[in-house]
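Peer 1:
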Amino acid sequence: MNRHAMTGAIGALAAAAAVALLPAPVPAQTIAITGGTIYPVAGPRIERGTVLIRDGRIAAVGANVAVPAGATVVDATGKWITPGLVHARAEAGLGIGSLSGFSEAGVQGDVTPSFTPAEGFDPDALTIPVARTGGITTGLLGPRGNFLPGRMIAVDFAGDRLEELLLSPAAGLVINLTASSREAGGGSRAGTLDLLRRLFADARELERREADWRRDQIQPLAAPARELAALLPALNGRMPVAIMADREMDIRAALRITAEYRLRTILYGAAEGWKLADEIAAARVPVALEPNRDIPNFGALGARLDNPALLRAAGVEVIIAQDDPGGERNLRFIAGNAVRNGMTWDDALRAVTLAPARAYGLTDRGALEPGRVANLVVWSGDPFDFAAAPERVYIRGRETSLRTRETELFERYRTLPVRY
Amino acid sequence: MRLLAGPVVLVAALTSCAAATAQRATEAPAPSAAQTEVFTDTLSFMRPQYPSTYVRRPNPPVLIRNASVFTAAGPEQRGVSVLFQDGRVVAIGRDLTAPAGAVTIDGTGKWVTPGIIDTHSHLGVYAAPGTQAESDGNEATNPVTAEVWAEHSIWPQDPQIPLAIAGGVTVMQVLPGSANLIGGRSATVRLVPARTVQEMKFPGAPHGVKMACGENPKRVYRERGPSTRMGNMAGYRAAFIEAEEYRMRWDRWLEDRKGEPPARNLRHETLAGVLRGEILVQNHCYRADEMAQMLDLAREFGFSIRSFHHGIEAYKIADLLARAGTAASIWSDWGGFKMEAFDQIVENLALVTRAGAIAVLHTDSPDGIQRMNQDMAKAYYAGVRAGLPITREDAIRWITANPAWVLGIDRTTGTLEPGKAADVVLWSGDPFSVYSRAEKVWNDGWLVFDRLDPDRQYRTDFNLGQTRPGVGR
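Respectively, the protein sequence lines represent chains S and Z.
For the first sequence, the working numbering begins at 94 and goes up steadily by one.
For the second sequence, the working numbering begins at 30 and goes up steadily by one.
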């Protein structure tokens, strides 16, 4: 096996992702969405503003934007306009709905950092339009597993082929340091952390002594070379690392690892993050969390509902994510719950748009400003509250369908007895 | 009530008698002296069966002024006051005066609803912290375990209980799990701090029995059977055939009480209670076609199903449910997690309501039970967006009056009407908004939760010595 073979599959997908970032081969289209209240996230709210979309990107945002002749005008008077939501723990597309036994989000084994679920992603999945009905336009997906399950992928939730949807086959490396990782280290957290450091050390060793490795003149490695090589982009600061940790002690371990290896860490879970909010803020580590966690277990006895508010108040970049695969479209209501429990509305919107986009280096998503990709949602009202719903969802400047399988079921059974 | 009708009737009477220290009328008819004095011998079935020892706490009268009020028995009212005293609702109106010693609360900008009731919970039987040691909800050792009682598993110190209280829940039905065709008896309990489950048991509430259709039993028992849906049906029928015979045997003996009484059998006793209409059937059943089969099973044996639970496809047969008088306890939009949950739609509650059937929002979840008003709102607005003729009052009944009926306690609670239990929630705002929270919760007149007063935020024994988990600021 040579180095090329080690990275070949990922390389091909990375090339595909690069292609995906090129302008989509669709006819140039100019759309002006006028009259709505715009929440650009990148700047203050704009009343009765216009968003101008040209060739899939945002051309202008403001209260005094001239609508060019020939533009398709969408009247959004009375509507709320936000960036498309970016879900940092998405599932849509991996598996058949949330049907157990059909997940594509992980593979067997504790140490599989080279795994990426990209080719298990189904652009035709029933769950993708459902995610859009929650205003979600971009997702960071999988993998799920007990210790080092692999890399996350980034997608836009519209397109017919993987190559179209995929933004990155390797958007982040996942490391699980919650209680469920104990077994990987032989039954103790300390064992798991020791294994992690051995893997990192051997990855470095392999990088340094590639020639020796080819000649078989190297000590046995802690994992197959292919898996160790998969750790290098994270170790070299080129790839974010999603570290799952809930208890204060686990979060401290994650911060230690982050400092030791200079990782670009995004904490996931952080149920007890509020206990060391200042330290997380000082480490400049974003936190992706589920706001409605308050049930105590031995993995997080101190879970509390105002965790997001307390973290944000300390200056932490908070990302709101939904952890129930079947409930992905409810991300916006979960964000509303963070507001209910003390977060500001503006911070909650940032937490489902710009914050995750930034953390994962998706620099042209997550906000409404000229030059960014036109992923946006026109809502009938406040996106976080139950009274409102998305009316139009644009992905890369094109309006997408909000019809789902549920729509057809409802239409069939709206009047009884049913007429098949 | 027929005298000497059988063991279960006697049990119910004696239970009520033993619970007479509770200061309120119970759902069961008050036992007459004659009934309690008939038997002086010592057979077990004649004695109290784990009776409620719930006692209402003495509390000052409360007057909430100038609030928006959902009574769940009439239209939403703005700018009215609610008065309750000695555990009962006294009045709802505009010109109420506070009695001496009353606590007066300004309800301006706030909403009042009845206490929320969840027909489907496993709090206490699947308690936090969720280790194997707290797994007490499924007696998955036999497909029919009608003999087990959920109340014998409930841990009153489950730290999930105070979290549910903070969501405005005052009463819940705790059920055995769904591994079995017939999983055992449920218990209806008040969510109050207590040392024993007896201190939580809702006085006079009838028992329910948990039955389960579909995938769960046939998966759990695939090696020994049932392993198919037809096997499931055969299992229910065999159990009820035995219960029918048991009931006849006992009825014959009770007519003259001559000779040895028949052997007591707890499994048959529960199902005989169903056949007598004294135990309410609570049936986990997702698919429309299976619910129709279960309605036929009930017809075959002459009982009725009080409520289907998890009726993901209730909307497909809402007309059949309305005709049968069977309620549907369902979620707003949880689904897709298994094949029988594949056809979930968020308009389910609204469609069932429009068809005239009894719609109930239930949770089956220690998370969901904390935010039932939110799921109500989600399902309500989905119905409105779909153009269905449902009202805010309909939606409030999904979590109050209708679940009270499903549990057979609707004469006591579920609405705010004079004489009903003072199960009351004061909300910080419109309960249909994601931003609103239960601010104060009174259970039978007892202020069991006050968001503004940490001393009124109950901590279970499990919570002690640990960081205060907090219920949000």
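We put the beta carbon where it would ideally sit given N, CA and C, even for glycine.
1) Using the rule of at least 16 other Cβ atoms within 10 Å of the residue's Cβ for burial, across every protein chain shown, is Y513/S buried or exposed?
2) Can you list, in chain order, the residues of its chain whose CB lies under 6 Å from that of A335/S, leaving out five sequence neighbours each side?
3) Going by DSSP, what residues sit across from A357/Z in a beta bridge?
4) Between P449/S and the rest of its own chain, which residues show a CB-CB distance below 6 Å, the 5 nearest in sequence each way excluded?
5) With 16 as the cutoff for other CB atoms within 10 Å, does D490/Z come out buried or exposed?
6) Among F478/Z, P188/Z, R219/Z, V118/Z, which has the Cα closest to the Cα of V203/Z?
7) Just to confirm before moving on: does the CB-CB distance between I425/Z and F99/Z stay below 7 Å?
8) Going by DSSP, what residues sit across from T231/S in a beta bridge?
9) For F478/Z and chain S, any beta-carbon pair shorter than 7 Å?
10) For chain Z, check one thing: does any of its Cβ atoms lie closer than 7 Å to the Cβ of Y506/S?
11) Restricting to runs no shorter than 3 residues, where is the beta strand (DSSP E) found entirely within the stretch 298 to 348 of chain S?
12) For chain S, is any of its Cβ atoms less than 7 Å away from the one on A321/Z?
13) Classify A451/Z as buried or exposed, calling it buried when 16 or more other Cβ atoms lie within 10 Å of its own Cβ.
14) Would you kindly report the start and end of the unbroken beta strand (DSSP E) that includes K469/Z?
15) Run through DSSP, which three-state label would G241/Z get?
16) What residues match up with T127/S in a beta bridge as DSSP calls it?
17) Using the C-alpha atoms, what's the distance from V463/Z back to A292/Z?
18) Spatial neighbours of R485/Z within its chain, please: CB distance less than 7 Å, with the 5 preceding and 5 following residues excluded, ordered by chain position.
19) Out of curiosity, what's the CA-to-CA distance linking T209/S and P222/Z?
20) Kindly indicate if chain Z contains any beta-carbon less than 7 Å away from that of R496/S.
21) If you follow the beta strand (DSSP E) that A428/S is part of, which residue opens it and which one closes it?
22) With 16 other CB atoms within 10 Å as the buried threshold, where does G443/Z fall?
23) Would you check if there are 3 or more beta carbon pairs closer than 8 Å linking the stretch 165 to 182 of chain Z to the stretch 404 to 414 of chain Z?
24) Kindly indicate which three-state DSSP category E168/Z falls into: helix, strand or coil?
25) Closer than 9 Å between beta carbons: that is the criterion. Which residues of the stretch 223 to 235 of chain S meet it against chain Z?
26) In whole angstroms, what separates the C-alpha of L145/S from that of Y487/S?
27) Measure the CB-CB distance between P509/S and D482/Z and report whether it falls below 7 Å.
28) Would a C-beta distance cut-off of 7 Å place E410/S and K368/S closer than the cut-off?
29) Got a sec? Which residues, its chain only, sit under 8 Å from I346/Z by beta carbon, not counting five neighbours each side?
30) Considering D147/Z, what are the terminal residues of the beta strand (DSSP E) in which it resides?
31) Taking the C-alpha atoms as reference points, what is the distance between L233/S and N157/S?
32) Do you know how far the Cα of E353/S is from the Cα of P313/S?
33) Given T500/S, which residues of its chain have a CB within under 6 Å of its CB, disregarding the five upstream and five downstream residues?
34) If you reduce the DSSP assignment to three classes, tell me which class K230/Z lands in.
35) Start and end of the alpha helix (DSSP H) containing I488/S?
36) Give me the DSSP bridge partner(s) of R491/S.
Peer 2: With the structure as the only source:
1) By the 10 Å Cβ count, Y513/S comes out exposed.
2) G265, V267, I359, Y361
3) F337/Z, A388/Z
4) Closer than 6 Å at Cβ, skipping near neighbours: V179, A181, I412.
5) Under this definition D490/Z is an exposed residue.
6) When the alpha-carbon of V203/Z is set against those of F478/Z, P188/Z, R219/Z, V118/Z, the nearest one is in R219/Z.
7) Their beta carbons are under 7 Å apart, which means I425/Z touches F99/Z by this criterion.
8) V179/S, D249/S
9) Not one chain S Cβ lies under 7 Å of F478/Z.
10) yes
11) 334 to 338
12) no
13) Buried.
14) Secondary structure note for K469/Z: its beta strand (DSSP E) is the uninterrupted segment 467 to 472.
15) A quick correction: the sequence has Ala, not Gly, at residue 241/Z. Strand at A241/Z.
16) T143/S, D168/S
17) 55 Å
18) Within the same chain, R485/Z has close Cβ partners L476, F478, D479.
19) 49 Å
20) no
21) From DSSP, A428/S is part of no beta strand (DSSP E) but of the alpha helix (DSSP H) over 424 to 433.
22) G443/Z counts as buried, since at least 16 other C-beta atoms from the protein chains shown sit within 10 angstroms of its C-beta.
23) no
24) coil
25) Residues passing the 9 Å Cβ filter: V223.
26) 12 Å
27) Note on residue identity: the sequence assigns Leu, not Pro, to residue 509/S. No, Cβ-Cβ distance for L509/S and D482/Z is not below 7 Å.
28) no
29) A317, M320, A321
30) 145 to 150
31) 35 Å
32) 24 Å
33) none
34) strand
35) Where I488/S is concerned, there is no enclosing alpha helix (DSSP H), although the beta strand (DSSP E) it sits in stretches over 483 to 488.
36) I488/S
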